[in-house]
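Contents: one structure, followed by commentary.
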Amino acid sequence: MKVLIDHISKTYVDRKGERTEALQDIHFAIEENEFVVVVGPSGCGKSTLLNIIAGLLSPTSGQVIFEGTRTNTKPHTAVVFQDFALFPWRTVLKNIVYGLEEKGLNKTEQSTIAEQFISMVGLRGFEKKYPHQLSGGMKQRVSIARALANDPLLLLMDEPFSALDAQTRTLMQYELSRIWEETQKSFLYITHNIQEAVFLGDRVVILSRRPGKVLSIMKIDLPRPRNEHLTVEKKYLEYVNAIWRYIKEQAWEALEEKT
Ligand SMILES: Nc1ncnc2c1ncn2[C@@H]1O[C@H](COP(=O)(O)OP(=O)(O)OP(=O)(O)O)[C@@H](O)[C@H]1O
Ligand SMILES: [Mg+2]
Numbered sequence: 000m001k002v003l004i005d006h007i008s009k010t011y012v013d014r015k016g017e018r019t020e021a022l023q024d025i026h027f028a029i030e031e032n033e034f035v036v037v038v039g040p041s042g043c044g045k046s047t048l049l050n051i052i053a054g055l056l057s058p059t060s061g062q063v064i065f066e067g068t069r070t071n072t073k074p075h076t077a078v079v080f081q082d083f084a085l086f087p088w089r090t091v092l093k094n095i096v097y098g099l100e101e102k103g104l105n106k107t108e109q110s111t112i113a114e115q116f117i118s119m120v121g122l123r124g125f126e127k128k129y130p131h132q133l134s135g136g137m138k139q140r141v142s143i144a145r146a147l148a149n150d151p152l153l154l155l156m157d158e159p160f161s162a163l164d165a166q167t168r169t170l171m172q173y174e175l176s177r178i179w180e181e182t183q184k185s186f187l188y189i190t191h192n193i194q195e196a197v198f199l200g201d202r203v204v205i206l207s208r209r210p211g212k213v214l215s216i217m218k219i220d221l222p223r224p225r226n227e228h229l230t231v232e233k234k235y236l237e238y239v240n241a242i243w244r245y246i247k248e249q250a251w252e253a254l255e256e257k258t
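One point on numbering: in numbering that gives the first Met the number 0, the residue at position 33 of the sequence shown is 32, and numbering is uninterrupted.
Structure representation (structure tokens):
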């Protein structure tokens, strides 16, 4: 299944009629089993794009096409947000099966699926804990398991690790890379962090400052599985520098405009 982000533009209009142009003619595809990362400066419309792909927001023009699927047969997307968005009154297990309950699956079916994803994200033994009893990294593991349990065609992640401390974030990047390889699904991952983008992505879509436009799409030709050894490789650092050059230019332009 390929997802086509087909010439999406978005302008917000508030109650006073004030317009904010967030995205301009965003066009790219996410191939089957591909890990695509979107990077761009703060406020360039990344979350807007993700919300449009998730169907939570309508574009002003353009469309999102899930090629080769019949509509409404499956949830097309599931989202992992930055702030975990877990139900505090539900245990880890109950958070993960939430979507399955909604779908009307029986208890046995729910626990078979839940067990698979609890193992995949490394939460075995924590099934009965509540979110407040977990670290940030573990909470985000629950969010990932809950999203995957719904069997989406495309997993959407909006800066999922930015609330985590630096070491946990690095570990979660390794974990996510492994999880993606296990699921063989399409992932769209949004971040400010260039190192993270290169570490995770098959391709990186670089957005300009607002209104977000596609500046470049870079294919990351690095071997998998990806692990810590990669981050000292020359080729990895070259990709990081190449993306930084795009982002830096944008940041300078924004600064000059302000002064
Ligand atoms: N509901 C809204 N109404 C009006 N303007 C909005 C709305 N949501 C976002 N915006 C504006 O649209 C632009 C893009 O916002 P968005 O949250 O998509 O950017 P972002 O790239 O995700 O930012 P960040 O890097 O800070 O997460 C910003 O200028 C923001 O102020
Ligand atoms: Mg955002």
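We treat Cβ as the ideally placed atom computed from N, Cα and C, and that holds for glycine.
| Item | Value |
| --- | --- |
| CA-to-CA distance, R14 to T190, given in whole angstroms | 30 Å |
| Contact test: S46 Cβ vs ligand 2 heavy atom, cutoff 6 Å | yes |
| Range covered by the beta strand (DSSP E) that runs through R202 | R202 to L206 |
| When T90, Y245 and K233 are compared against V204, the one with the closest alpha-carbon | Y245 |
| Classification of V96 by the beta-carbon crowding that lies within 10 angstroms, buried from 16 upward | buried |
| Residue from E181, L254, K247 and R145 with nearest C-alpha to F80 | R145 |
| Sequence-distant residues of its chain with Cβ nearer than 6 Å to P87 (five each side left out) | P130 |
| Neighbour-count burial assignment, V141, 16 or more Cβ in a 10 Å radius | buried |
| Candidates L170, Y235, G211 and L214: closest to P222 by CA position | Y235 |
| Beta-carbon spacing of L163, G136 below 7 Å | yes |
| Beta-ladder partner(s) of T167, from DSSP | According to DSSP, which records beta bridges pairwise, T167 is partnered with nothing at all. |
| Segments assigned beta strand (DSSP E), at least 3 residues, entirely inside the segment 92 to 172 | 153 to 157 |
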